[in-house]
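Its first residue numbered 1, the sequence shown is counted upward by one per residue in full-length UniProt numbering. Positions of the beta carbon are idealized from the N, C-alpha and C atoms, including for glycine. Beneath this line is the structure, given in structure tokens, with notes to follow.
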Amino acid sequence: MTQGFSEEKFARTLDAALVALLIVDGFIVGLLSVFLTYVRIGDAVAPIGIAIALVGNTALVLLASRFTESSWRWGPLLAWMVVLLAAGFTGPGGDVVLVTDWRAIALLLAGVAGPAVLGWRGALAR
1 MTQGFSEEKF ARTLDAALVA LLIVDGFIVG LLSVFLTYVR IGDAVAPIGI
51 AIALVGNTAL VLLASRFTES SWRWGPLLAW MVVLLAAGFT GPGGDVVLVT
101 DWRAIALLLA GVAGPAVLGW RGALAR
């Protein structure tokens, strides 16, 4: 038995590090999507955060599935949902970031729809 460098062990460690980085990216996509959901351009509502959630979560889950076959492929989506859940609670002064209206529901549906379709169609398999 030789101890030392193992390419397989190095590849697994690198894959785990990349999945962890994608989970952090899921948290960042969550922040961007929550804070850009209520953007207005002039008098028009422009919920940019909904598009960010759809495209960002789909891309992150697809990328995570390239590095792992385990349940950790859903980690970026879980991190995004944690941000969404935290934004829905009231703060100490009674303020809330994610107001319950059609944009919040659309944000939730759009953020989950892309990864759900990928999982349902089997596009996440290695």
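query, result
"Assigned secondary structure, ALA44 (DSSP; H/G/I helix, E/B strand, else coil)", "strand"
"Contact set for VAL29: own chain, Cβ-Cβ below 6 Å, skip 5 residues either direction", "GLY56, TRP80"
"Buried or exposed (CB count within 10 angstroms, at least 16 for buried), SER70", "exposed"
"Reduced DSSP category for VAL99 - H, G, I as helix; E, B as strand; rest coil", "coil"
"Three-state secondary structure (DSSP) of GLU7", "helix"
"Where PHE67 falls: helix, strand or coil (DSSP)", "helix"
"Cβ pair count under 8 Å reaching 3, the segment 51-65 against the segment 2-22", "yes"
"GLY75 - DSSP class collapsed to helix/strand/coil", "helix"
"Candidates GLY75, VAL117, GLY88, PHE10, of which the one nearest THR37 by Cα", "GLY88"
"Collapsed DSSP secondary structure at ALA123 in the structure displayed", "coil"
"Best match in THR90, ASP95, PRO76 for proximity to GLY114 [C-alpha to C-alpha]", "PRO76"
"Distance CB(GLY26)-CB(PHE35) smaller than 9 Å", "no"
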